[in-house]
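Trainee:
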Amino acid sequence: MSLGKRGKMKEITIKEIEGIRIGQTEDAAGGTGCTVLICEDGMRAGLDVRGGGPASRESQLLNPLAAAQAIHAIVLSGGSAFGLGAADGVMAYLEEHGIGYDVGVTKVPLVAQADLFDLTVADKDARPDRDMGYEAARLAMEEPNYRDGSYGAGCGATVGKICGMATCMKSGIGSYFVQAGDLKIGAVVAVNAFGDIYDWKTGEKIAGLLTEDKKGFRSTEEIMKEKTGAVDNRFSTNTTLGIVITNADMSKTQLCKIAGMAHDGFARSIRPVHTTVDGDSIYAVSNGGVEADQDVIGMLAAEVVSEAIKRAVMSADSAYGFVSAKDMPGKED
6 MSLGKRGKMK EITIKEIEGI RIGQTEDAAG GTGCTVLICE DGMRAGLDVR
56 GGGPASRESQ LLNPLAAAQA IHAIVLSGGS AFGLGAADGV MAYLEEHGIG
106 YDVGVTKVPL VAQADLFDLT VADKDARPDR DMGYEAARLA MEEPNYRDGS
156 YGAGCGATVG KICGMATCMK SGIGSYFVQA GDLKIGAVVA VNAFGDIYDW
206 KTGEKIAGLL TEDKKGFRST EEIMKEKTGA VDNRFSTNTT LGIVITNADM
256 SKTQLCKIAG MAHDGFARSI RPVHTTVDGD SIYAVSNGGV EADQDVIGML
306 AAEVVSEAIK RAVMSADSAY GFVSAKDMPG KED
C-alpha cells in the first residue's frame, strides 16, 4: 500500500505516536477492565456511534456544534453503564496534575468514555470504578503499559453470542499503527461483538459463534435468517469500541467524518454489526499538524480498524471457560 509521494506504509507501534499515552487496568478474576488514552495538551476528537445500545459519557463534547475544540482523555471500559464511573478517577488524576481546561480556580479535564457489556463473563458485580480509572490514568502518564489481548477494556470481551454465552468465544483488545513519511495513523479496538469476526483480507472466519461441541463455527447470520420473527430481548448486550489516532491536521468536524468512515472497518470484519444490542462506537482523534487529505485518512482509518479487530481476537487468551481464536482446535502453536 502506498500514499502518493509519501512513500510506502510501514508498521509502527502506538508508542511512536507523539503526545499520546495509554494505560490499562483490569480485574482478571472479575472479568473486566478499562483502557485510558490521554493527551496532556489536548486532542481534537470526533465520534460516530452506529450501534443501538451505547453506554457513554460526554459524547456531546464531540458534537461539532459543541464549544470544546479538544479533549484530554478517552476511556474504553467494561461494566456496561455501571463502569462509567471510571472516568471520575481519570478526571481526578488529571486535575491533580494540572491537566485540563483552565477555569481559573482549577483545570477541568474533558474526558469522554464508552463502555462495553461484560457482566455475564465472570463476576457481574466486578465493574471498573473510580479507583480503576485513576490507576489506568496513572499508568498512562507514568508507566504506559498498553498490550493487545485480554487486557484493559478487552479483559472480559467475547464474540458470537446469539445462542448464549455457552457457545461464544473469548476476544480482547487490539491495535494496529502505520506510518508513511510524516503521517501516522492507527487504531485501538476492544472487540465485544454480538456477531462473528472475519479476516478482512481473506474473508476467513476467525472467531464467533461455535458449534455445540465447540470444535467449529456456526454462522450468526444464517441463524438470524432462520428466525426472522421479532425478538423482544436478546440474550446479552455487546459493543465494539474503537479509537482511531492520527497526527494528521484534522478539525473536530473532519474527525467526526473520519470516525464514520472508520466504521467501514467494523463492517468488513464483523457480521452482523451495528445491531440494536451492540453499542458500536468509534472515536477519531488528532494531536498533530501533518497535512493530509481527509478522505485518505478516512480510508486508512477503516483499514487500521479492521487490522486492529483481527489483532484483538488473535491476541486474546482463553479464559472464563471461553476458548480464544488461537486455541481453537486445529490451530497450530
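Sequential numbering of the sequence shown, starting at 6, is according to this note's numbering. For each residue, glycine too, the CB sits at the ideal point set by N, CA and C.
Roughly how many angstroms lie between the CA atoms of I19 and V183, to the nearest whole one?
Mentor: The residue labelled residue 19 in the question sits at position 14 within the sequence shown. The residue labelled residue 183 in the question sits at position 178 within the sequence shown. For I19 and V183, the distance between alpha carbons rounds to 9 Å.
Trainee: Over the uninterrupted alpha helix (DSSP H) stretch that includes T40, give me the two end residues.
Mentor: In the sequence shown, the residue the question calls residue 40 occupies position 35. It is not in any alpha helix (DSSP H) - T40 instead sits in the beta strand (DSSP E) that spans T37 to V54.
Trainee: With three or more beta-carbon pairs closer than 8 Å as the criterion, would you say the stretch 129-143 touches the stretch 30-49?
Mentor: In short, these stretches touch, since the Cβ pair count reaches three.
Trainee: For the beta strand (DSSP E) that contains L89, what are its first and last residues?
Mentor: Counted from its first residue, the sequence shown places residue 89 at position 84. First-last for L89: undefined, no H or E at that position.
Trainee: Give the DSSP-derived three-state secondary structure of G9 in the structure shown.
Mentor: Taking the sequence shown and counting its residues from 1, one reaches residue 9 at position 4. Because the pLDDT of G9 is 39, which lies under 50, any placement of that residue in the model is unreliable, and the number read from its coordinates should be weighed accordingly. Residue state, collapsed to three classes: helix.
Trainee: Comparing alpha-carbon positions, which option in T245, A75, M229 and E147 lies nearest A192?
Mentor: Within the sequence shown, the letter at position 187 stands for residue 192. Nearest of T245, A75, M229 and E147 to A192, Cα basis: T245.
Trainee: Let's see if you can read the secondary structure: which residues bound the alpha helix (DSSP H) around A225?
Mentor: Locating residue 225 in the sequence shown gives position 220, counting from the first residue. Before going on, a small fix: residue 225 reads as Thr here, not Ala. T225 to E231 is the span of the alpha helix (DSSP H), which, as asked, contains T225.
Trainee: Considering just the uninterrupted stretch of the alpha helix (DSSP H) at E16, what are its terminal residues?
Mentor: The residue you call residue 16 lines up with position 11 of the sequence shown. E16 -> not in any alpha helix (DSSP H); beta strand (DSSP E) instead, spanning K15 to I17.
Trainee: How close, in whole Å, do the beta carbons of D201 and G179 come, if the pair is a contact with beta carbons under 8 Å?
Mentor: For this step, residue 201 is matched to residue 196 along the sequence shown. For this step, residue 179 is matched to residue 174 along the sequence shown. D201 to G179, Cβ: 16 Å. No contact.
Trainee: Determine whether the beta carbon atoms of I314 and K189 lie at a separation below 8 Å.
Mentor: Counting from 1 along the sequence shown, the entry for residue 314 is found at position 309. Counting from 1 along the sequence shown, the entry for residue 189 is found at position 184. No, they are not a contact pair.
Trainee: Can you list, in chain order, the residues of its chain whose CB lies under 6 Å from that of Q299, leaving out five sequence neighbours each side?
Mentor: The residue labelled residue 299 in the question sits at position 294 within the sequence shown. For Q299, where only same-chain residues beyond five positions count, the Cβ hits under 6 Å are Q259.
Trainee: Using 10 angstroms around the beta-carbon of S7, count the other beta-carbons present and answer buried if the total reaches 16, otherwise exposed.
Mentor: Sequence index remark: in the sequence shown, residue 7 carries index 2 (1-based). In this prediction, S7 has a pLDDT of 37, which is less than 50 and means its spatial position is unreliable; what the coordinates show is noted afterwards. Label assigned to S7: exposed.
Trainee: Rounded to the nearest angstrom, what separates M174 and R223 at their Cα positions?
Mentor: Residue 174 sits at position 169 when you count from the first residue of the sequence shown. Residue 223 sits at position 218 when you count from the first residue of the sequence shown. About 12 Å.
Trainee: Assign G56 to one of two classes, buried (16 or more other C-beta atoms within 10 Å of its C-beta) or exposed (fewer than that).
Mentor: Translated into the one-based positions of the sequence shown, residue 56 becomes position 51. Counting Cβ neighbours within 10 Å, G56 comes out buried, since at least 16 surround it.
Trainee: Applying the 10 Å Cβ sphere with the 16-neighbour rule, what's the burial state of T242?
Mentor: Here residue 242 refers to the residue found at position 237 when the sequence shown is read from its first residue. So T242 counts as buried.
Trainee: Ends of the alpha helix (DSSP H) at E312?
Mentor: The residue you call residue 312 lines up with position 307 of the sequence shown. Note, E312: alpha helix (DSSP H), Q299 to S320.
Trainee: D46: buried (16+ other C-beta within 10 angstroms of its C-beta) or exposed?
Mentor: Within the sequence shown, numbered from 1, the residue matching residue 46 stands at position 41. Exposed: under 16 other Cβ atoms inside 10 Å.
Trainee: Counting only runs of 4+ residues fully inside the stretch 137-209, write out the alpha helix (DSSP H) ranges in chain order.
Mentor: Those alpha helix (DSSP H) runs which fall completely within the stretch 137-209 and span 4+ residues do not exist here.
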